[in-house]
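Asks: With this note's numbering, letter number 211 in the sequence shown gets 220, and the count goes up by one each step, no holes. C-beta atoms are modelled at their ideal positions from N, C-alpha and C, and glycine is treated no differently. Would you mind keeping the following structure in view while I ask a few things?
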Amino acid sequence: MGGSGLIGAHVVEVLRERGHAVTTLARTARPGIDHLLDVESASVDELRPLLAGHDGVVYATRTDEQRPLRKPIYPAFRRDNVEPVVRLFTAARHEGLTRGVIMGSYYTYHDRLHPQWRLAARHTYIRCRVEQAREGRAAAGPDLPVAVLELPFIFGRAGDRLPNWAGPLDRWARSRSPLVVPAGGTAAASARSVADVAVEALEHARAEDIPVADENLTWHDMIARIAEAVGRPRRVRRLPAAAVRAALRSGGVLQSLGGKESGVNPTYLADLLLAELFIEPTTGRSLGPALRETFADTPSAD
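Rendered as structure tokens:
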């Protein structure tokens, strides 16, 4: 599921490199996609014949957690993130599949690691990611182990498919605007690394939560490397924490006054941006090739 996306395309490539037969499903028609299906609305009965005869399944679709929606947003996020996974793994269990992978978020890793941050309570997107993993596994049952890959920022390219955030960062790095970032940072990985981990999880029928990171980067280092990749290296300045908090809280107030919410609550977003959202251990692979690939040309979003 999600075979037309950046990560899904790499998973298909790695599976075929290792000699596995693959069937691809996506909502967007592209070369190499075998079946068109809107997984968000597909029923168990619609999914079963597509899964029949397969050993495993990979769920690699996502929702834009930053897009504001009308309150309350929890039903919409649950409909997009949780319910399709429950139906998919219910169908997979009925068809006798023996392994599965969900492409999740590293926010669930940090929710476990830092319970005092109350991430699932404060952010609807993270709450639904936690529910996605728990309820997907419950639907799969004990005979269908499901690995959840907890993914950070992903770099890389598959044809014209790029990370959905690449376009804005590319334009910013190429512009004459100053590069100003907060303290803190994030884990990051290449789409190829994610695909390698996903296929290994399938081959070994793993059932763990698997955080994936090639490198841990401060925001300063990430933006500096992007600016260098697009050919406009320059100084990256630090934005004071107080300014970050004030700006995002104001944005949260304005969003609320407009009757809207987003999956990551802007009132608490500063806490995330100012934290070091790192993953240990990392794979040790360099992000350099994937980063340069992401920003080789002016990108269009995935």
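In this structure, what does DSSP give as the bridge partners for Ala197?
Replies: As a working note, residue 197 is residue 188 in the sequence shown. Paired residue(s): Phe162 and Glu224.
Asks: Run through the segment 230 to 296 for me and flag every whole alpha helix (DSSP H) of 4 or more residues, listed as ranges in chain order.
Replies: 250 to 266 and 275 to 282
Asks: Please tell me whether Arg185 has its Cβ less than 9 Å away from any Cβ of chain D.
Replies: No chain D appears in this structure, which consists of one protein chain only.
Asks: From what residue to what residue does the alpha helix (DSSP H) around Gly17 run?
Replies: Residue mapping note: residue 17 aligns to position 8 of the sequence shown, counting from 1. Following the DSSP letters along the chain, one finds Gly17 inside the alpha helix (DSSP H) bounded by residues Leu15 to Glu26.
Asks: State the DSSP-derived secondary structure class of Val48, mapped to helix, strand or coil.
Replies: For the purposes of this step, residue 48 is taken as residue 39 along the sequence shown, with counting starting at 1. Three-state result, Val48: coil.
Asks: What does Ser114 pair with, by DSSP beta-bridge criteria?
Replies: Along the sequence shown, read from residue 1 onward, the residue named residue 114 stands at position 105. DSSP, once it has assigned bridges, lists Leu160 as partnering Ser114.
Asks: Can you tell me which of Ile235, Arg96 and His119 puts its alpha carbon nearest to the alpha carbon of Ala148?
Replies: Position 139 of the sequence shown holds residue 148. Here the closest residue by C-alpha is Arg96.
Asks: For Ala182, which of helix, strand or coil comes out of DSSP?
Replies: To locate residue 182, count along the sequence shown from 1; it is residue 173. Of the three classes helix, strand and coil, the one that applies to Ala182 here is helix, per DSSP.
Asks: Quick one: using the 10 Å Cβ neighbour count with 16 as the cut-off for buried, is Asp169 buried or exposed?
Replies: One-based indexing of the sequence shown puts residue 169 at position 160. With fewer than 16 other Cβ atoms from the protein chains shown falling within 10 Å of its own Cβ, Asp169 counts as exposed.
Asks: Go to Leu327, then tell me how far its alpha helix (DSSP H) extends in each direction, as first and last residue.
Replies: Nothing about residue 327 can be read from this structure; the chain reaches only from 10 to 311.
Asks: What three-state label does DSSP hand Ala175 in the structure shown?
Replies: By one-based count along the sequence shown, residue 175 stands at place 166. Three-state DSSP puts Ala175 in a helix.
Asks: Whole-angstrom Cβ separation of Pro286 and His132, contact assumed at under 8 Å?
Replies: By 1-based counting over the sequence shown, the position of residue 286 is 277. By 1-based counting over the sequence shown, the position of residue 132 is 123. According to the sequence displayed, residue 286 carries Leu and not Pro. About 13 Å separates the two Cβ atoms, so there is no contact after all.
Asks: Looking at the structure shown, is Asp43 part of a helix, part of a strand, or coil, going by DSSP?
Replies: Within the sequence shown, the letter at position 34 stands for residue 43. Here Asp43 sits in coil by DSSP.
Asks: Do Asp218 and Ala279 have their C-beta atoms closer together than 9 Å?
Replies: Residue mapping note: residue 218 aligns to position 209 of the sequence shown, counting from 1. Residue mapping note: residue 279 aligns to position 270 of the sequence shown, counting from 1. No, the pair does not count as a contact, with Cβ atoms beyond the cut-off.
Asks: In chain order, what residues of the same chain have a beta carbon less than 8 Å from the beta carbon of Arg201, not counting five sequence neighbours either side?
Replies: Taking the sequence shown and counting its residues from 1, one reaches residue 201 at position 192. Exclusion of the five residues before and after Arg201 leaves His19, Val23, Gly165 and Ala299 as the residues of its chain whose Cβ lies within less than 8 Å of its Cβ.
Asks: Considering only C-alpha positions, which residue in the set Glu270, Thr276 and Glu237 is nearest to Thr303?
Replies: Mapped onto the sequence shown, residue 303 falls at position 294. Selected option, being the one with the closest Cα: Glu237.
Asks: Does the beta-carbon distance from Val273 to Glu74 come in below 9 Å?
Replies: The count along the sequence shown starts at 1 and reaches residue 273 at position 264. The count along the sequence shown starts at 1 and reaches residue 74 at position 65. Yes; because the gap between Cβ atoms is below 9 Å, this pair is in contact.
Asks: Three-state secondary structure (DSSP) at Gly150?
Replies: Residue 150 sits at position 141 when you count from the first residue of the sequence shown. Three-state DSSP puts Gly150 in coil, outside helix and strand.
Asks: Quick one: is Pro369 buried, meaning 16 or more other Cβ sit within 10 Å of its Cβ, or exposed?
Replies: Look at the range of the chain in this structure, 10 to 311, and you will see that residue 369 is not part of it.
Asks: Just the C-alpha distance for Phe349 and Arg71, rounded to the nearest angstrom, thanks.
Replies: Any property of residue 349 remains undetermined from this structure, which presents the chain solely from 10 to 311.
Asks: I'd like to check one pair, Ile232 with Leu281: are the Cβ atoms closer than 9 Å?
Replies: For the purposes of this step, residue 281 is taken as the residue at position 272 of the sequence shown. For the purposes of this step, residue 232 is taken as the residue at position 223 of the sequence shown. No, the Cβ-Cβ distance between Leu281 and Ile232 is not below 9 Å.
Asks: For the alpha helix (DSSP H) holding Val94, just list the boundary residues, first then last.
Replies: Counting from 1 along the sequence shown, the entry for residue 94 is found at position 85. That run of the alpha helix (DSSP H) goes Glu92 to His103.
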